[in-house]
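Student:
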Amino acid sequence: MRDSTNAAPGSDDADQRGEHRVGTTVAADLLDFRAGQFHGDVVGKVEHHHHTTFGRRALRSLPGPLRGFVGRHDELRTLLGILEPAARSHGTVLISAVAGLGGVGKTALALQAAHAAQDQGLFPAGVVFLDLHGYDDEPLAPEQALEQLLRALGVPAGHIPASADARAGLYRSVLAETAEERGALLIVVDNASHPSQVRHLLPGHPCHRVLVTSRDTLSQLGAHVLHLGVLPAEHGVEVLVTALTTGDPADTRIAREPDDARRLGALCGHLPLALHIAAALLVNDPGKPVAELADELADAADLIDNLHDGERAIRATFDMSYNRLGSGPARLFRLLALAPGPEAGTEALTALGGAEPSPRDVDVLVRAHLIEAGSMRHRWRMHDLVRAYGIARTMEDASLTADAHAARDRLLSRYQERVTDSGAHLKPAAPPARRSGFVDRDEALGWLDTERAGLVAAAQWAVDPAHAEPAVRLALSLYHYLGWRRHFDDAAVVYRYAVQGARLLHDQEHEALAYDNLGIAMRQLRRLDEAVAAHRRALETYGGLGSPRGEGRAKYNLGNALLEARSYDLALTMFQEAGTLLREAGVLSTAALAQNGIGIVYLKTGRFAEALHHLDSAQDGFQLLGDTIPEAIATNNRGRARRGLGQFEASCRDHRRAIALFRPLGQAERVATACNDLALTLRAMGRTAEALEQHTEALSLVRRHREHYREAVVLNDLGGTLRQAGRNEQAAECHGRALALFRDLFRDPYGQARSLDLYAAAAEGTGALEDARQAWQEAVALYREAGAEDAADAVTRRMGHAGRALASGGGSQEGSRG
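Numbering of the sequence shown is given in UniProt numbering, commencing with residue 1 and proceeding in unit increments.
Listed below in structure tokens is the structure:
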């Protein structure tokens, strides 16, 4: 697969890296720069406004309260008292934690409290629920948890920042706005296993509340911890009564056998999960006396021996539940336990089982409380302990283990087929015959989005010798989807497993490809040192294989990583060598990308005539191949080169053509980049009003799609145009906002330095020379940190000029950047 996201600077000397990253938005309300209307009077001052637009309805994502909830009155009252928004928080967020043994009813209590708080109107902004799966083998990572919360809060999935820190910043901004506009929000975080899973999820505004459930105390969070013990004996019996009479109001077995009911409760350890499953066994067999079930449980010797273990005590109850299943439901239960990801749908279960699951078998498992409804219709999930039990039962029997291996192979094969079909819709030049699996791109992406967690988890089977080969293939085939949706955190995980699996198989070709793909993911995550290292490993491995095609691809991708790291000479060498290798190997599409890369290096180093030559060549190659997106990118880059050469009319034509190519493909972020570039050309022509219109459209698009990095680039370029129009105060505001984005979301020293440099120029234009001098001092340090010594020296010279003017009384002695 190729990466066609190379782009040149967003302005003549800007470092345009937006084509390589996920963008997001944390910025102020859209300003109408054409009319010059701004929020507030700003003179030589930066104000940081962090607004995010999302749905205005109160959030209601709670699962329903557990049927038959019994007891816990004191605990419920305590929780509601802590959750009360009026409770004293001393300016900090109040965190409540329900801690206790697995299966003790922590989630049930948390849901009961959350529903009660919601019914009492304590949280006008609503309630959000998130399961961290902290006790799974693969718990939800902080960045994945933040993604789910941001989606629940209305942030589109395709436009969420890549890193956990950036996601946390956006998350806190959204919650701060929620507090101001709608009031308090309750965040229920279920199944946390470690404080590190929760810390990123804590809001900054003190009016919000967080309710965490965990088997561990999580004392490091500074939470109000409610230690939840087992139910009192009388409440355990009440659980049984409620469950049986809900199924059949005429069922009086508990009342007829009170002593045996108490014995059954004791055998279950008064653990709510075990009690509910035991009750289900009785419900499913109306003729079974309570004493008989109690005797059966008592005969499981390990129950008593391991009563305080929790898992093994529950296992005895699970054994009883499992042994009541017919062969069909029992096999379905084992298959669902094997399914990757937190839940599975009909398609995955069909692949695992070799036939579509019987609705009756599904119903048996649901009624037995062995599975529950998933995130949507026809999807199911298991409690962590139930899943572990199902896997253990499978692995204890050689014949069942063989069935499990065959089931996973079938699922991997099905996933591979579907991913291959869907991938055809993500490549514009794909042959029509490959598109039969899905009607269109939307359907393909919808399936991939639904199955994403399962696909990523299945790809991790690459480290299992029994499934390494198909799992490695699946991992590598996810490249197009993960890149399209910009799920680079998932991509990094998937390709690391692919590397390990390929090594296990002694498959150097796939190992090299996995390293190369890993490098692309690392570059998109701005982990440039790791990206360069991964591409070098890929290049070394391809070299050992004698694969010019692979070496060419790896050198092209290494060139991209070096370009991002501002190592222009090395990047140029890589692109040149890649182009030669790829042309000789007949890989014309990636060879054209290498030409585009060479053009970008020349753009960044001011060699515009040479840039134009290579970009013309790349654009012609893409056009011949029918590869529209890279053609549009090369066309837009060509417009930048022509602007550098003073060919302004031709530059405008290129940018307008790029816009026309991007729009039908839904490439809104790239439309924004082309609009911004068109604005820069119009500015160079002195057509300032038209330039401001294009900047404003670009800013609107990047904010709508939460492309934060591109927003920062546009803000800096807009500031330059405003400064040209003599609107220095407004220019300073734009540069200040860009600075905040580069600093808070990306920790990008070069972006921060350039924003400060431009801010200082605007401040100088207002006469705030001292403020300009201070900004330039910071810019020099950051430029040097980024390795941009020439830029640092240029700023030092400007500082000297400003210092002489300040000494002669030529400007204000004071200024402020906020």
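No residue lacks a Cβ here, since even glycine has one placed at the ideal position from N, Cα and C.
This one's a predicted model, so the numbers in the text were calculated from it and none came from an experiment.
Less than 9 angstroms between the C-beta atoms of residue 120 and residue 72, yes or no?
Tutor: no
Student: Decide if residue 227 is buried, meaning its Cβ has at least 16 other Cβ atoms within 10 Å, or exposed.
Tutor: exposed
Student: Hey, how far is the Cα of residue 770 from the Cα of residue 757?
Tutor: 14 angstroms
Student: What do you reckon, are the CB atoms on residue 183 and residue 123 nearer than 9 angstroms?
Tutor: Yes, the pair counts as a contact, with Cβ atoms nearer than the cut-off.
Student: Distance, Cα to Cα, residue 799 vs residue 541?
Tutor: 49 angstroms
Student: Return the chain-ordered list of same chain residues with a C-beta closer than 7 angstroms to the C-beta of residue 787, the five sequence neighbours on each side being excluded.
Tutor: 566
Student: Only counting runs of 4 or more residues, tell me where the alpha helix (DSSP H) segments fall wholly within the region 466-506, in order along the chain.
Tutor: 468-477, 479-484, 488-504
Student: With H, G and I counted as helix, E and B as strand and the rest as coil, what does DSSP make of residue 598?
Tutor: helix
Student: Given a threshold of 16 other Cβ atoms within 10 Å of its Cβ, counted over all protein chains shown, does residue 213 qualify as buried or as exposed?
Tutor: The C-beta of residue 213 has 16 or more other C-beta atoms within 10 Å across all chains shown, which makes the residue buried.
Student: With DSSP run on the structure shown, which of helix, strand or coil describes residue 95?
Tutor: Residue 95 carries a strand assignment under DSSP once its states are collapsed to helix, strand and coil.
Student: For residue 395, does the count of other Cβ atoms within 10 angstroms reach 16, so buried, or fall short, so exposed?
Tutor: exposed
Student: Can you tell me where the alpha helix (DSSP H) with residue 129 in it begins and where it stops?
Tutor: Residue range 126-131 is occupied by the beta strand (DSSP E) that includes residue 129, with no alpha helix (DSSP H) assigned at that position.
Student: Residues in the same chain with beta-carbon distance under 8 angstroms from residue 801, minus the five sequence neighbours each way, listed in chain order, please.
Tutor: Cβ contact annotation for residue 801 (same chain, cutoff 8 angstroms, sequence separation greater than five): none.
Student: On the DSSP bridge list, what partners appear for residue 213?
Tutor: 98
Student: Closer than 8 angstroms is the cut-off here; do at least three beta carbon pairs connect the region 687-697 with the region 657-670?
Tutor: no
Student: Comparing C-alpha positions only, which one of 77, 389, 783 sits nearest to residue 370?
Tutor: In terms of CA proximity to residue 370, 389 leads the group 77, 389, 783.
Student: In the DSSP assignment, find the unbroken beta strand (DSSP E) run with residue 187 in it and report its ends.
Tutor: 186-190
Student: Under three-state DSSP, which class holds residue 820?
Tutor: A question about residue 820 goes unanswered here, because the residues of the chain that appear run from 1 up to 818.
Student: Along the chain, where does the alpha helix (DSSP H) containing residue 166 start, and where does it finish?
Tutor: 164-182
Student: Just list the residues that DSSP pairs residue 343 with in beta bridges.
Tutor: DSSP output for residue 343 lists 381 as bridge partner(s).
Student: Figure out for me which residue from 574, 269, 764, 603 has the closest Cα to the Cα of residue 232.
Tutor: 269
Student: If you draw a straight line from the C-alpha of residue 681 to the C-alpha of residue 475, how long is it?
Tutor: 43 angstroms
Student: Less than 9 angstroms between the C-beta atoms of residue 518 and residue 502, yes or no?
Tutor: Against a cut-off of 9 angstroms, the Cβ pair of residue 502 and residue 518 comes out as no contact.
Student: For residue 668 and residue 701, what's the separation of their Cα atoms in angstroms?
Tutor: 7 angstroms
Student: Go through its chain and collect everything with a Cβ distance to residue 352's Cβ below 6 angstroms, but skip five positions before and after it.
Tutor: 335, 407, 411
Student: Shortest alpha-carbon distance to residue 193 belongs to which of 211, 200, 216?
Tutor: 216
Student: When burial is assigned at 16 or more other CB atoms within 10 Å of the CB, is residue 674 buried or exposed?
Tutor: The residue is buried, with at least 16 neighbouring Cβ atoms inside 10 Å.
Student: Rounded to whole angstroms, what's the CA-CA distance from residue 489 to residue 479? Just pull it up for me.
Tutor: 12 angstroms
Student: Taking residue 237 as part of the alpha helix (DSSP H), name the residues at either end of that continuous run.
Tutor: Here the alpha helix (DSSP H) through residue 237 covers 233-247.
Student: Any contact of the region 232-242 with the region 254-266, i.e. 3+ C-beta pairs under 8 angstroms?
Tutor: yes
Student: For residue 211 versus residue 189, is the C-beta spacing smaller than 9 angstroms?
Tutor: yes
Student: For residue 225, which beta-bridge partners are listed by DSSP?
Tutor: Answer is 97, bridged to residue 225.
Student: How many angstroms separate the CA atom of residue 103 from the CA atom of residue 698?
Tutor: 52 angstroms
Student: Is it the case that the Cβ atoms of residue 779 and residue 792 are separated by a distance below 9 angstroms?
Tutor: yes
Student: In whole angstroms, give me the CA-to-CA distance for residue 547 and residue 482.
Tutor: 26 angstroms
Student: Using CA coordinates, which residue listed in 77, 109, 726 is at the minimum distance from residue 64?
Tutor: 109
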